[in-house]
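K.L.:
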Amino acid sequence: MEKAIAGTKQEKRIMHYSSNQKILLVGEGNFSFASCLAKVFGSAKNMVATSLESRESVLAQYSDAAPRNLRKLGNMGCVILHEVDVHTMGKHPRLIDQQLFDRIVFNFPHAGFVFMESKKKKTKYFMESNKRQIKLHQDLVRRFFASACEMLKESGEVHVTHKTSHPFNAWEIVKLAGEAGLHLVEEASFSREDYPGYINKRGSGKKCNRTFPVGQCSTYKFAKLPLFEFSFTTLKIM
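Take 6 as the starting number for the sequence shown in the numbering used here and just add one per residue.
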């Protein structure tokens with residue numbers, strides 16, 4: 006009996022995440038969030054961490070931290086994938102072979118900016134409150150939910166950490182999740198201090214390696230709707 010207990014791995018947790026969960030992290034910047042979880046778990050064998058950018062781009066853009074984080078994650082058994090588009094991630098050759106996930110996590114999704122040319126022929130970008138800019142973000146999140154839903158265990162959850170102040174609340178991510186057959190389980194207040202070592206990054210443009218104030222934000226937890234309820238909700242949306 007003592008031998009059996011000694012051979013059992015003790016569950017380790019940080020906030021909403023457990024070493025017993027199979028976790029997919031998407032949209033990683035310098036991979037500091039994945040590194041934070043791995044440090045707490047003592048292993049990263051239960052994790053798949055992905056970036057939209059190529060490995061070369063990640064190493065160049067986040068040269069102060071990404072090389073260290075990627076090396077650490079690789080040594081701890083994490084599956085690291087680059088050039089993973091959340092719109093089509095379910096068809097990625099390395100993700101097709103993966104089992105379904107307990108948690109799929111997207112922290113601070115951002116679709117980049119819509120650029121325009123001013124009268125002085127200077128390139129500018131739309132503000133976050135611009136309707137075209139919001140629509141771009143909504144399309145990103147909507148298609149992420151659709152992909153994530155197909156990769157999620159029946160008892161699993163999709164987590165999106167997102168600012169709750171204006172204009173970010175105009176994205177209506179709860180409504181977007183509903184369109185994909187997901188319902189809100191909980192809206193939990195988010196604090197970066199709860200994840201030691203995690204540094205959120207802008208992720209695009211010349212200032213991609215800079216952090217930004219998260220302000221008021223939450224981690225939205227979504228789960229699958231029962232099939233009948235999803236069908237009924239879809240009919241109402243249509």
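For every residue, glycine included, the Cβ atom is placed at its ideal position computed from N, Cα and C.
Among residues of its own chain, excluding the 5 on either side of Tyr22, which ones have a beta-carbon nearer than 7 Å to its beta-carbon?
P.N.:
Closer than 7 Å at the Cβ level, and outside the excluded window around Tyr22, lie Ile28, Leu42 and Arg108.
K.L.:
How about the stretch 165 to 185 and the stretch 135 to 143: do they share at least three Cβ pairs that are nearer than 8 Å?
P.N.:
The stretch 165 to 185 is in contact with the stretch 135 to 143.
K.L.:
Report yes if the CB atom of Glu155 is closer than 8 Å to the CB atom of Gly95, and no otherwise.
P.N.:
Against a cut-off of 8 Å, the Cβ pair of Gly95 and Glu155 comes out as a contact.
K.L.:
If you follow the alpha helix (DSSP H) that Asp90 is part of, which residue opens it and which one closes it?
P.N.:
Counting along the chain, Asp90 falls outside any alpha helix (DSSP H), and DSSP gives it neither H nor E.
K.L.:
Taking 8 Å as the cut-off, decide whether the C-beta atoms of Gln103 and Val31 are in contact.
P.N.:
Not in contact: Gln103 and Val31 (Cβ atoms no closer than 8 Å).
K.L.:
Which class does Ile28 belong to by DSSP, given the choice of helix, strand or coil?
P.N.:
Strand.
K.L.:
Using DSSP with H/G/I as helix, E/B as strand and the rest coil, what is Asn74?
P.N.:
Asn74 falls in the helix class under three-state DSSP.
K.L.:
Of all the alpha helix (DSSP H) runs that stay within the bounds of the stretch 100 to 170, which reach a length of 4 or more residues?
P.N.:
Entirely contained in the stretch 100 to 170, the alpha helix (DSSP H) runs reaching 4 residues are, in chain order, 136 to 155.
K.L.:
Between which two residues does the alpha helix (DSSP H) holding Cys41 run?
P.N.:
Ser37 to Phe46 is the span of the alpha helix (DSSP H), which, as asked, contains Cys41.
K.L.:
Tell me the rounded alpha-carbon separation between Pro201 and Phe38.
P.N.:
Answer to the nearest angstrom: the Cα atoms are 9 Å apart.
K.L.:
Kindly indicate which three-state DSSP category Ala228 falls into: helix, strand or coil?
P.N.:
Residue state, collapsed to three classes: strand.
K.L.:
Specify the secondary structure class of Val53 as computed by DSSP and reduced to three states.
P.N.:
If DSSP states are grouped into helix, strand and coil, Val53 belongs with the strands.
K.L.:
Going by the CB atoms, is the gap between His188 and Phe150 shorter than 8 Å?
P.N.:
Taking 8 Å as the Cβ cut-off, Phe150 and His188 do not qualify as a contacting pair.
K.L.:
What is the rounded straight-line gap between the Cα of Pro72 and the Cα of Arg60?
P.N.:
About 10 Å.
K.L.:
If I measure Cβ to Cβ from Gly186 and keep anything under 7 Å in the same chain, skipping five residues before and after, which residues do I get?
P.N.:
Around Gly186: Cys154, Lys229, Leu230 and Phe235.
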